[in-house]
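Below is one structure, written out as structure tokens; the observations come after it.
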Amino acid sequence: MSGTGAPALHVDAKGARVAVIASSWHTVVMDGLVAGAQRALDAAGVTDVTLVRAPGSFELPILAKAYASAGVDVVVALGVIIRGGTPHFEYVSAAATDGLARVALDTGVPVGFGLLTCDTEQQALDRAGLPGSPEDKGREAVEAALTTWDVLRRL
């Protein structure tokens, strides 16, 4: 499983303003990712959270940039793209990934990368943080973004 060797991250992020931008496709997987993100936010003491639903994963970067530019401290992007029989998977995955990296670099606001790019629905379910899922990528995206925020604010 890809989560092997993942660090245990925890930061006290009381007072951080966080926007969670979550895709609307694949409801069961997305509900798991959002719940995992919320568990991590709760554990870090974050109470100022805005949850926004994007139409799809392609739209994550534009919404992430809008919230980063509006003054939130951290953006967490959650989505899932499951490979189909056309090149659409590669185009959407690359555009969303590149766009989210650009948002972080252009704005200086940490962006938690919780975009699952999976070959099968089962792979997505295994990473969604649902009961019985071996991984919780929603939690991991929040922890990575909050840890990055903490390092940046200490500079």
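By numbering that gives the first Met the number 0, the letter at position 99 of the sequence shown is numbered 98, and the numbering carries on one by one without gaps.
Each residue gets a CB set at the ideal place from its N, CA and C atoms; glycine is no exception.
Original post:
What residue does the beta strand (DSSP E) around Phe112 start on, and which one ends it?
Top reply: Within the sequence shown, numbered from 1, the residue matching residue 112 stands at position 113. Per DSSP, Phe112 belongs to the beta strand (DSSP E) from 110-117.
**OP:** Excluding the 5 residues preceding and the 5 following Tyr66 in the sequence, name in chain order all residues of the same chain whose CB lies nearer than 6 Å to its CB.
**Re:** Residue 66 sits at position 67 when you count from the first residue of the sequence shown. Once the five neighbours on either side are set aside, the close Cβ partners of Tyr66 are Ala18, Val74.
Subject >> Beta-carbon spacing of Val91, Phe112 below 8 Å >> reply: Stepping through the sequence shown from its first residue, residue 91 is reached at position 92. Stepping through the sequence shown from its first residue, residue 112 is reached at position 113. No, the Cβ-Cβ distance between Val91 and Phe112 is not below 8 Å.
Subject >> Three-state class that DSSP yields for Arg82 in the structure shown >> reply: Sequence index remark: in the sequence shown, residue 82 carries index 83 (1-based). Looking at Arg82 - three-state DSSP - the assignment turns out to be coil, as it is neither helix nor strand.
Original post:
Can you tell which of Thr3, Gly14, Gly4 has its C-alpha closest to the C-alpha of Arg152?
Top reply: One-based indexing of the sequence shown puts residue 152 at position 153. Looking at the Cα atoms, Gly14 is the closest of the given residues.
Original post:
Within 10 angstroms of its Cβ, does Val10 collect 16 or more other Cβ (buried), or is it exposed?
Top reply: Numbered from 1 along the sequence shown, position 11 holds the residue referred to as residue 10. With 16 or more other Cβ atoms within 10 Å, it is buried.
**OP:** Flag this pair as touching only if the segment 97-107 and the segment 39-52 have three or more C-beta atom pairs under 8 Å; answer yes or no.
**Re:** no
Original post:
Ordered along the chain, which non-local residues of its own chain (more than five positions away) have a Cβ less than 7 Å from that of Ala176?
Top reply: Residue 176 is absent from the structure shown; the chain starts at 0 and stops at 154.
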